[in-house]
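Colleague:
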Amino acid sequence: MTPAELLAEAFARVPETVERAVRNLSEDQLAARPAAGANTLAWLAWHIARGQDAQIADLTGSEQVWTSDGWYDRFGLPFPADALGYGMSRDDVGRVRASSDLLLGYLRATTARTLEYVRGLAPEDLDAVVDEAWDPPVTAGARLVSILDDCVQHAGQAGYVRGLLFFVS
Numbered sequence: 006m007t008p009a010e011l012l013a014e015a016f017a018r019v020p021e022t023v024e025r026a027v028r029n030l031s032e033d034q035l036a037a038r039p040a041a042g043a044n045t046l047a048w049l050a051w052h053i054a055r056g057q058d059a060q061i062a063d064l065t066g067s068e069q070v071w072t073s074d075g076w077y078d079r080f081g082l083p084f085p086a087d088a089l090g091y092g093m094s095r096d097d098v099g100r101v102r103a104s105s106d107l108l109l110g111y112l113r114a115t116t117a118r119t120l121e122y123v124r125g126l127a128p129e130d131l132d133a134v135v136d137e138a139w140d141p142p143v144t145a146g147a148r149l150v151s152i153l154d155d156c157v158q159h160a161g162q163a164g165y166v167r168g169l170l171f172f173v174s
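Heads up: the sequence shown begins at 6 in the working numbering, then just goes up one per residue.
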């Protein structure tokens, strides 16, 4: 297995994990919180896609799927187009309301862009420095691992939140 194939396999699993967490739930259920101030399933699913989308767009030098494919308009959230979820208040987290179909559609579109990118990477591409603001500078490989780590952590949180709220597999 090449590094590109390994990354593709890992990123392709994220939507499957998120789908298990959000499927067959209403918008109200997706907006429920297991505790006051906790993240909702809707916010977790949206944030997974937004973070991945923004960072992959940065790596590829392309526009985010969020705006280029009209997802920003379809969601109709009360945030600027560049909002990713980082640093949002409890109230803002609660404003992320969407159907599971919409959340999964955006995540799948983002993942398709990610897979297109990673499948085209040669091993030496992973060593390219993409951010010199850090010491040591960040390579494409390190950035991809960081993106994937964030996605997987939040997807696991979504599964846990579903279990806390609904005790349904």
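Each residue gets a CB set at the ideal place from its N, CA and C atoms; glycine is no exception. Keep in mind that this is a model prediction, so the values were computed, not measured.
Determine contact between the stretch 46-62 and the stretch 112-131, defined as no fewer than three beta-carbon pairs at a distance below 8 Å.
Modeller: A contact exists between the stretch 46-62 and the stretch 112-131.
Colleague: Sort Asn44, Ala15, Tyr77, Val23 by Cα distance to Ala160 and report the nearest one.
Modeller: Measuring from the Cα of Ala160, the nearest candidate turns out to be Val23.
Colleague: So what's His135 in DSSP terms, helix, strand or just coil?
Modeller: Position check: residue 135 holds Val in this sequence, whereas His was assumed. Val135 falls in the strand class under three-state DSSP.
Colleague: Decide if Ala9 is buried, meaning its Cβ has at least 16 other Cβ atoms within 10 Å, or exposed.
Modeller: The residue in question, Ala9, is buried, as its Cβ has 16 or more Cβ neighbours within 10 Å.
Colleague: Measuring straight from C-alpha to C-alpha, what distance separates Ile152 and Gln158?
Modeller: Taking the straight line from one Cα to the other gives about 10 Å.
Colleague: Look at the alpha carbon of Leu30 and the alpha carbon of Ala103, and state the distance between them as a whole number of angstroms.
Modeller: The alpha-carbon atoms of Leu30 and Ala103 are separated by roughly 11 Å.
Colleague: As a quick exercise: from Arg167, Arg38, Pro141, Ala145, pick the residue whose alpha carbon is nearest that of Asp96.
Modeller: With distances taken between Cα atoms, Asp96 lies closest to Arg38.
Colleague: Just to confirm the assignment: which complete alpha helix (DSSP H) runs, minimum length 4, are found wholly within the stretch 26-50?
Modeller: Correct list: 32-35.
Colleague: Just mark Gly81 as buried or exposed, buried being the case when its beta carbon has 16 or more other beta carbons within 10 Å.
Modeller: Result: exposed.
Colleague: Among all the DSSP beta bridges, which residues are the ones paired with Val143?
Modeller: According to DSSP, which records beta bridges pairwise, Val143 is partnered with Asp136.
Colleague: Tell me the DSSP secondary structure of Gln69 in three-state form.
Modeller: In the structure shown, Gln69 sits in coil (DSSP, three-state: anything other than H, G, I, E or B).
Colleague: Determine contact between the stretch 136-144 and the stretch 64-83, defined as no fewer than three beta-carbon pairs at a distance below 8 Å.
Modeller: Segments in contact, no.
Colleague: Helix, strand or coil for Val101, going by three-state DSSP, please let me know.
Modeller: Val101 falls in the coil class under three-state DSSP.
Colleague: Locate the alpha helix (DSSP H) running through Tyr91, then write down its first and last residues.
Modeller: Here Tyr91 belongs to no alpha helix (DSSP H), and DSSP marks it neither H nor E.
Colleague: Let me check understanding here. Comparing Cα to Cα, which of Arg118, Tyr165, Pro128, Asp130 lies closest to Arg55?
Modeller: Here the closest residue by C-alpha is Arg118.
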